[in-house]
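A.B. asks:
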Amino acid sequence: MVESFERRLDARLVASIVAAGSLSFCAVVFETAMNVALPALMEEFAVDAATIQWITSGYLLMLAVMVPTFPFLKARFALRRLFVCAVLLFLSDCRPT
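Residues 8 to 104 in my numbering are what the sequence shown lists, from first letter to last.
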């Protein structure tokens with residue numbers, strides 16, 4: 008016999024759906040902003056459109072790799088340690104030229 012169950016919509020589920028939807032919207036807005044910024048980036052870095060598009064594609068590829076990797080890292084390490092490592096990695100790349 009198949010047991011039936013009742014599925015309730017609780018506040019945490021609604022919050023996670025809203026968060027995922029808003030982050031997806033932010034990603035679309037970011038991509039639109041990047042398309043508008045392509046000429047300025049080409050001028051700033053003195054490269055052609057193909058190079059800037061490859062840089063943008065590389066960023067999106069890295070984002071696509073990190074999104075599914077983060078839950079594994081979060082399960083394995085403390086959130087504070089991950090945050091500190093992310094900040095240190097960011098700061099190590101912010102050297103003056």
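All C-beta atoms in this analysis are idealised placements derived from N, C-alpha and C, irrespective of residue type, glycine included. Being a predicted model, the structure only gives us computed values, none of them experimental.
Once DSSP output is grouped into helix, strand and coil, what is the label at E10?
C.D. replies: By one-based count along the sequence shown, residue 10 stands at place 3. E10: coil per DSSP, three-state reduction.
A.B. asks: For a quick check, are the C-beta atoms of L45 and I62 less than 7 Å apart?
C.D. replies: Along the sequence shown, read from residue 1 onward, the residue named residue 45 stands at position 38. Along the sequence shown, read from residue 1 onward, the residue named residue 62 stands at position 55. Result no, Cβ atoms of L45 and I62 do not sit closer than 7 Å.
A.B. asks: Have a look at L68 and F77 and give me their C-alpha separation to the nearest angstrom.
C.D. replies: In the sequence shown, residue 68 corresponds to position 61, counting from 1. In the sequence shown, residue 77 corresponds to position 70, counting from 1. C-alpha separation (whole angstroms): 15 Å.
A.B. asks: State the Cα-Cα distance for the pair D100 and V25, rounded to the nearest angstrom.
C.D. replies: In the sequence shown, the residue the question calls residue 100 occupies position 93. In the sequence shown, the residue the question calls residue 25 occupies position 18. Rounded to whole angstroms, D100 to V25 spans 33 Å at the Cα level.
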